[in-house]
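*Asks:* Number 128 in the UniProt record's numbering belongs to position 128 of the sequence shown; there are no gaps in the numbering. The beta carbon of each residue, even a glycine, is placed where N, CA and C say it ideally should be.
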Amino acid sequence: MEEKNKEENILSQTEIEEELRLAEIEKRPANFRSKILSSLILNERIIETPLDLETAIILGPISLEGAVIKGDLNLTYVITKGVLYFGSGTLEGNLKLENAKINGGVNLVGAKIGGSLFSNGLNINGFLSLAKILVKGNLDFRNLKIMDFYHGGLIVKGDLYLREANISGLVNLEKSFIEGSGDFLNAFIGGELNLKETAFGNFLILKGTKIRGETILEGTKYKELIK
Numbered sequence: 001m002e003e004k005n006k007e008e009n010i011l012s013q014t015e016i017e018e019e020l021r022l023a024e025i026e027k028r029p030a031n032f033r034s035k036i037l038s039s040l041i042l043n044e045r046i047i048e049t050p051l052d053l054e055t056a057i058i059l060g061p062i063s064l065e066g067a068v069i070k071g072d073l074n075l076t077y078v079i080t081k082g083v084l085y086f087g088s089g090t091l092e093g094n095l096k097l098e099n100a101k102i103n104g105g106v107n108l109v110g111a112k113i114g115g116s117l118f119s120n121g122l123n124i125n126g127f128l129s130l131a132k133i134l135v136k137g138n139l140d141f142r143n144l145k146i147m148d149f150y151h152g153g154l155i156v157k158g159d160l161y162l163r164e165a166n167i168s169g170l171v172n173l174e175k176s177f178i179e180g181s182g183d184f185l186n187a188f189i190g191g192e193l194n195l196k197e198t199a200f201g202n203f204l205i206l207k208g209t210k211i212r213g214e215t216i217l218e219g220t221k222y223k224e225l226i227k
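(1) Measure the alpha-carbon distance for N5 versus G82 and round it to whole angstroms.
(2) Using the three-state DSSP reduction, which class does G169 fall into: helix, strand or coil?
(3) Identify which residue in E17, N172, G105 and S88 has its Cα closest to the Cα of F118.
(4) Do L170 and E197 count as a contact pair if the criterion is CB distance below 8 Å?
(5) Please classify E18: does DSSP put it in a helix, a strand, or coil?
(6) Can you tell me whether DSSP reads A30 as helix, strand or coil?
(7) For a test of the three-state rule: what should DSSP assign to I133, helix, strand or coil?
(8) Cβ of N107 within 8 Å of Cβ of T80?
(9) Name the residue from Y77, G208, L51 and E214 whose alpha carbon lies nearest to the alpha carbon of L122.
(10) Which residue's Cα is closest to the Cα of residue 229: K101, G158 and G115?
(11) Assuming F203 contacts Y161 under a Cβ cut-off of 8 Å, what Cβ separation, rounded to an integer in Å, is found between them?
(12) Determine the DSSP secondary structure at E224, reduced to helix, strand or coil.
(13) Out of N186, I178 and L185, which one is the CA nearest neighbour of L195?
(14) Our contact map puts I69 next to L40 with C-beta atoms below 8 Å; I'd like the distance itself, whole angstroms only.
(15) Taking all protein chains shown into account, do 16 or more other C-beta atoms lie within 10 angstroms of the C-beta of K223, making it buried, or fewer, making it exposed?
(16) May I have the straight-line CA-CA distance separating E24 from E164, to the nearest angstrom?
(17) For G219, which of I226, N166, I47 and A199 has the nearest alpha-carbon?
(18) Count the other CB atoms, across all protein chains shown, that sit within 10 Å of the CB of I205; report buried if there are 16 or more and exposed otherwise.
(19) Under a three-way DSSP split, which group does A199 fall into?
(20) Rounded to whole angstroms, what is the Cα-Cα separation between Y150 and G180?
(21) So F32 packs on L53, CB below 8 Å; how close in whole Å?
(22) Thinking G158 and I146 are a contact (beta carbons under 8 Å), I'd like their distance in whole angstroms, please.
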């Protein structure tokens, strides 16, 4: 009986689509706060309203490949059992990932973020890739934690990728822990890069990185710095 009740509490795809439709009509954020979803698959969609999933539980992946979201994407305190994929997507507002827990990795390769990325306290088992991302605002990654992910006998290294990323504002990784490497190869950062008291389990790659502001390496730990 308890299992049946749990299943009844999981939003169906029909219910997700209905909430999206009503939110657009009523010109408000689509509200999935504290809901349980089996997954969220909205690839190549144009979403005319912000998405609010604060404190939601996602039992599978969040896949927004190539989607356009006209507003914020709020994933604060979200727990997801699958990957977050927003490759080549466009977000007109802010991406909020504060204190979220994500298993499998986060892929934002080639995404365009019109606002800032707020990820203070984000916890990832897997990788975080922002390669070739375009962010008009800042990247707030304070207290970020990226760990290796073990799945089916395979290891997904806990790496942070910002290769060829274009960040108009600052990048703040203060007091973060990345079990793998931090790869900033050929990235552009319009403000400062703050790596104060940040620990990398492997390499820190700053080769070809263009940083207009200050680079703060006070108390930064790594196996090797590649410049």
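*Replies:* Reading from the atomic positions:
(1) At N5, the pLDDT of 49 sits below 50, so the modelled position is not reliable and the matter cannot be decided from this model.
(2) coil
(3) N172
(4) no
(5) helix
(6) strand
(7) coil
(8) no
(9) Y77
(10) Outside the shown range of the chain, which is 1 to 227, sits residue 229, and nothing can be said about it.
(11) Going by Cβ atoms, the distance from F203 to Y161 rounds to 12 Å, so no, they are not a contact pair.
(12) strand
(13) I178
(14) Incorrect: roughly 12 Å between the Cβ atoms, too far for contact.
(15) exposed
(16) 35 Å
(17) A199
(18) buried
(19) strand
(20) 14 Å
(21) 5 Å
(22) 4 Å
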